[in-house]
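Comments concern the structure below.
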Amino acid sequence: MQDLPEKENILLAVAKFLGQEVRPHVTDPRLSFRLLVAAHLCGVVAQECASEEEADAAELGRLAALLEGVPPSAHGRAGRAAIAAANVQLAASLRDGAVGSDPGSPAWEHVMKTLTEKLAVSSARFDTRKEIES
Amino acid sequence: MEIAIGAEVVERIRAHLEEATQRPAEVRSVKVLGGGACQENFEVDAVLGGEPRRLVLRSDAPTSLPGSIDRAREHAAIARAVAAGVATPAARWLGRGLVREGSSAYFLDWVSGDAIGRKIVAGKELAEARAKLAPALAAELAKIHSVTPAVAPELFDGPVPAPYDVAATQLQRMRGSIDAMRAPRPAMEIIHRWLWHNRPTPEAPVLVHGDFRTGNFLVAPAGLSAILDWEFAHWGSPYEDLTWISVRDWRFGQLALPIGGFSRREPFYEAYERASGRVLDPRTLFYWEVFGNLGWAIGCVYQVERYVYGGVDDFELVAIGRRAAEMEFEAMRLIERGKL
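Sequences listed follow chains A and B, in order. The opening residue of the first sequence carries number 1 in the working numbering; numbering runs sequentially from there. The opening residue of the second sequence carries number 135 in the working numbering; numbering runs sequentially from there.
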């Protein structure tokens, strides 16, 4: 295990440096936009570092409740491999209809929940309300 | 992706212009413009027969995206659109091997205006243009959709049955794209299955722009100046173009303005009905908007896979990948809602 600073500290420092120190000096609009994107991506990964353990555990738990033969818990690399394998199984079952996917079904709810959790990290400002046009 | 413009390329462009226009040609500069995945664009300052001309040169890129056409076909589609009165710069002087060997390229007259999404939905200087943009675009779409296989059978490869189950054909292609992805996408499976089982009645195909959205038309303070980027033109359903503009990403953050991030729905649909003589079916609009969101979700994954596995070293592809979840969410939100 590494000493301080932690991954999140480094990424947030880089994001702040790019966005607040470098960007004001950049006049080219395309480069300025790309700097903004770069700073944003650093922030996303910092957020991912902070929440991935919990989110992965929850995703695997839901997959185990939905599908046969999925371990209800596993951590780190083994956990991610278990999620990946379960998602292959889930995708195939959804495709051939072996697992129902009408709105409100367990698979539907799981997929919506997983998308919502991913978006909370990768697009923190994404509006997850059901009504967006009013 | 940088392309060096050598003296050799400049000379090829000059010689081609001279031959194609039958007038003495001089090329003063060739500058790289922001391109896309399927084409490379250049600004060419030329003098043709003593007359200064600012042109865009559009050349095939070394790679293409699924469903895209090459510049030669694009040139033909634009010619049909221009003949139908669409506000798009005429494509001229098609040539081969100008920028790179084996690639097709053609020229467009330079049109001023802005295509940057954020500016179009929020720029102060475009406020007046924005207010009348939806009906103007609807009128252009009606003109595009007036081109049919009966009028222009030569445009695209293969026979076009009429009526034609456009959704089925495209869903089969999407199936192939999803199967080719490196990681499974349960949300895409749910959406694809729903789309397959809820297909609309087959209809007579029309010329579809195929990428009709904020970012692919030029807007000047006076209003809409041109429709651009015909690389996804095909025979399809008019509803494809009518709903692609409302895909979540193409609202550029203005969610409450579902037409491209600058208008409510009614002015756009009503103007289209007036201009085209068609009556739009709300259920079919709903269907194709779900469809469009899946289409762009697939596009996002395709783009990031080009970076991760395809050796395309473009930083912006990294930023696109995770946006797929936004369009997956949106498609599922719509399905759950059961209407727009």
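Note that beta-carbon positions come from the ideal geometry of N, C-alpha and C, so glycine has one too. Bear in mind that the values here come from a model prediction, so they are computed numbers and not experimental data.
Close partners of Val452/B in chain A (Cβ separation under 8 angstroms): Leu41. The Cβ of His326/B sits closer than 9 angstroms to at least one Cβ of chain A. A distance below 6 angstroms between beta-carbons, with the five flanking residues on each side excluded, links Trp330/B to the following residues of its chain, in chain order: Leu305. In the DSSP assignment, Arg162/B forms no beta bridge with any residue. Bridge partners of Asp243/B according to DSSP: Leu189/B. When DSSP states are grouped into helix, strand and coil, Asn332/B belongs to the coil group. Shown here for Arg30/A: not one same chain residue has a beta carbon closer than 7 angstroms to its own, the five before and five after excluded.
Boundaries for Leu199/B: no alpha helix (DSSP H) harbours it, and the DSSP string shows neither H nor E there. Excluding sequence positions up to five before and after Ser93/A, its CB lies within less than 6 angstroms of the CB of Val99, all in the same chain and listed in chain order. Within chain B, no C-beta atom comes nearer than 7 angstroms to that of Arg23/A; the closest sits roughly 15 angstroms away. One Cα belongs to Ser202/B, the other to Asp3/A, and the distance between them is close to 50 angstroms. Distances from the alpha-carbon of Trp227/B to those of Asp243/B, Arg471/B, Gly219/B put Asp243/B closest. Ala15/A and Leu63/A have their C-alpha atoms some 34 angstroms from each other. With respect to the C-alpha of Val161/B, the residue from Leu358/B, Ala180/B, Tyr436/B having the closest C-alpha is Ala180/B.
Under the three-state reduction of DSSP output, Val26/A falls in the coil class, being neither helix nor strand. Assignment of beta-bridge partners to Gln173/B by DSSP yields Asp194/B. At least one CB of chain A lies nearer than 9 angstroms to the CB of Arg471/B. When DSSP states are grouped into helix, strand and coil, Arg226/B belongs to the strand group. Here the alpha carbons of Arg347/B and Gly357/B stand approximately 16 angstroms from one another. Sequence-distant Cβ neighbours of Met315/B in its own chain, meaning closer than 6 angstroms and more than five residues away, are Val435. The three-state reading of DSSP puts Glu59/A in helix, counting H, G and I together. Interface criterion met: the Cβ of Ala321/B is under 9 angstroms from a Cβ in chain A. Closer than 9 angstroms to the CB of Lys118/A there is at least one CB belonging to chain B. Proximity of chain A to Phe449/B at the Cβ level (cut-off 7 angstroms) is accounted for by Arg34, in chain order. The Cβ atoms of Gly229/B and His150/B lie closer than 9 angstroms to each other. For Phe126/A, the nearest CB of chain B lies under 9 angstroms from its own CB, placing it at the interface with that chain.
DSSP places Gly236/B outside both helix and strand once states are collapsed to three, so it counts as coil. Neighbourhood of Leu389/B in chain A, by CB distance below 8 angstroms: Asp127, Ile132, Glu133, in chain order. Counting only the Cα atoms, Glu109/A lies some 54 angstroms from Val164/B. At a Cβ-Cβ threshold of 9 angstroms, Pro106/A and Ile469/B do not count as neighbours. Contact check for Glu208/B against Arg192/B passes: the beta carbons are separated by less than 9 angstroms.
The beta-carbon of Arg457/B is placed less than 9 angstroms from the nearest beta-carbon of chain A.
Distance from the CA of Gly394/B to the CA of Phe402/B, rounded to the nearest whole angstrom, comes to 10 angstroms.
Taken through DSSP and simplified to helix, strand or coil, Ser280/B comes out as coil. Spanning the alpha carbons of Gly76/A and Lys118/A requires a straight line of approximately 17 angstroms.
When only Cα atoms are considered, Glu133/A and Arg327/B end up about 26 angstroms apart.
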